[in-house]
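There are 2 protein chains.
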Amino acid sequence: MSSLTVPPEDDTYRSVGYALKRAQQALRAHLDAELRTIGLTTPQYSVLAGLERSESLSNAELARQAFVTPQTMQAIVVGLERDGLVKRAAHPLHGRVLTTNLTQEGRSVVQEAHKIAARAETLVRNAVAPDDPEVIYAALLRIADAMP
Amino acid sequence: MSSLTVPPEDDTYRSVGYALKRAQQALRAHLDAELRTIGLTTPQYSVLAGLERSESLSNAELARQAFVTPQTMQAIVVGLERDGLVKRAAHPLHGRVLTTNLTQEGRSVVQEAHKIAARAETLVRNAVAPDDPEVIYAALLRIADAMP
DNA sequence: GATGTAATGTAAGGGCCCTGATATGTCCAG
DNA sequence: CTGGACATATCAGGGCCCTTACATTACATC
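The listed protein sequences derive, respectively, from chains A and B.
Residues in the first sequence are numbered from 85 upward in steps of one, following the working numbering.
Residues in the second sequence are numbered from 85 upward in steps of one, following the working numbering.
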């Protein structure tokens with residue numbers, strides 16, 4: 085009864101968007117669980133890794149690197165500072181800017197996290213096989229760039 | 085100075101996991117923005133679409149369908165009920181269970197949302213080209229299933 | 001029928017991510 | 001030098017997602 089409306093497109097479950105959500109959710113959950121053993125979350129690891137590549141980044145720069153808003157990055161950095169993994173100090177030349185740097189402990193923790201992340205990436209690449217991971221990688225970035 | 089540690093593996097940006105995050109984040113942001121014009125969020129649309137396929141689902145069933153915890157689904161359903169898009173009632177046979185159903189307005193809103201979601205899926209499939217969307221779809225689901 | 005197990009619904013608290021708004025600082029054009 | 005554009009940091013509030021925890025109900029097994 086009451087099937088006056090269009091029959092539901094049951095292809096929802098077949099959409100690439102759906103698979104994308106599933107895959108990302110699973111990877112994120114796995115990484116969160118693994119990183120938790122060393123007291124990190126996935127976004128926190130992402131920030132620490134970014135700081136390892138280039139030190140003394142401002143909150144705004146960190147936000148752009150991670151494709152999130154400055155407010156979001158603010159909360160993450162505050163947490164990292166509370167945990168003693170990063171330290172912020174006023175920019176020597178620019179009054180308003182706070183530069184963020186890894187502490188000794190942050191430097192140590194991120195090394196452990198690298199191993200965990202590398203294992204996760206291996207899992208992903210094995211799952212992708214027999215497809216070429218580079219092909220999947222490129223297709224995913226095209227999706228990201230295609231969204232208006 | 086202080087490059088006593090291992091040089092950072094700058095391949096972080098080349099990982100499939102990174103691309104996965106970028107793509108999903110971009111799609112989610114796009115969908116959220118589009119669905120916002122009709123007063124929905126992406127998870128809300130997901131729930132409404134699920135209810136359209138099969139009515140009278142319990143909160144626990146909805147949660148399993150969406151791969152989230154019952155508590156998370158609880159919050160979403162409460163919001164949908166507040167907005168008058170679904171209605172919950174005690175299960176006739178099972179005292180504890182609350183069954184959720186679409187209201188007339190919910191049924192109407194989900195039809196609009198379907199069009200928005202279909203346009204987004206088209207964007208994704210066009211971005212994936214020249215790769216076969218089905219190949220990408222299958223690879224993504226393999227990733228989801230591979231995470232322990 | 002009593003008891004243990006499983007499933008369900010909720011509450012509380014934390015983290016991430018967003019929009020909207022505010023305050024402060026730099027810098028350039030006039 | 002002054003006004004305005006622009007960048008930065010931060011607050012407030014909302015939504016989604018999690019873990020931990022608890023109370024209630026259904027059911028099986030004894």
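No residue lacks a Cβ here, since even glycine has one placed at the ideal position from N, Cα and C.
Query                                                                                                                                                      : Result
List the residues of chain A that Ala-159(B) touches, going by C-beta distances under 9 Å, in chain order.                                                 : Chain A residues near Ala-159(B): none, gap ~17 Å exceeds 9 Å.
Does the pairing of the region 220-227 of chain B with the region 134-154 of chain B give three or more beta-carbon distances under 8 Å?                   : no
To the nearest angstrom, report how far apart Pro-176(B) and Arg-106(B) are at their CA atoms.                                                             : 45 Å
Helix, strand or coil for Thr-183(B)? Go by DSSP, reduced to three states.                                                                                 : strand
Taking the beta carbon of His-233(B) as the centre, do at least 16 other beta carbons fall within 10 Å, making it buried, or is it exposed?                : Residue 233(B) cannot be examined here, being either before or after the span of chain B that is shown, 85 to 232.
Grab me the residues of Thr-126(B)'s own chain with a C-beta within less than 8 Å of its C-beta, minus the 5 sequence neighbours each way, in chain order. : Arg-112, Leu-115, Asp-116 and Leu-119
Note down, in chain order, all residues in the region 170-181 of chain A with a beta-carbon under 7 Å from any beta-carbon belonging to chain B.           : none
Would you kindly report the start and end of the unbroken beta strand (DSSP E) that includes Val-170(B)?                                                   : 170-174
For Ser-142(B), does the three-state DSSP call read helix, strand or coil?                                                                                 : strand
What does Gln-109(B) touch in chain A if you count any residue whose Cβ is under 7 Å from its own?                                                         : Phe-151
Beta-carbon within less than 7 Å of Ile-160(B)'s beta-carbon, same chain only, minus the 5 sequence neighbours each way: which residues are those?         : Pro-127, Gln-128 and Val-131
So Val-212(A) is in the alpha helix (DSSP H); what residue range does that whole segment cover?                                                            : 188-212
Would you verify that the beta carbon of Gly-168(B) is, or is not, closer than 8 Å to some beta carbon of chain A?                                         : no
Rounded to whole angstroms, what is the Cα-Cα separation between Thr-208(A) and Thr-184(B)?                                                                : Per the sequence presented here, residue 208(A) reads as Val, with Thr not at that position. So the alpha carbons of these two residues sit roughly 36 Å apart.
Which residues of chain B have a Cβ atom closer than 8 Å to the Cβ of Glu-205(A), listed in chain order?                                                   : Ser-99, Val-100 and Gly-101
Please compile the residues from chain A whose C-beta is within a distance smaller than 8 Å of the C-beta of Ile-200(B).                                   : Ordered by position in chain A, no residue passes the 8 Å Cβ test against Ile-200(B), which lies about 12 Å from the chain.
Just the C-alpha distance for Lys-171(B) and Thr-156(A), rounded to the nearest angstrom, thanks.                                                          : 34 Å
Ala-103(A) to Pro-214(A), Cα distance in whole Å?                                                                                                          : 18 Å
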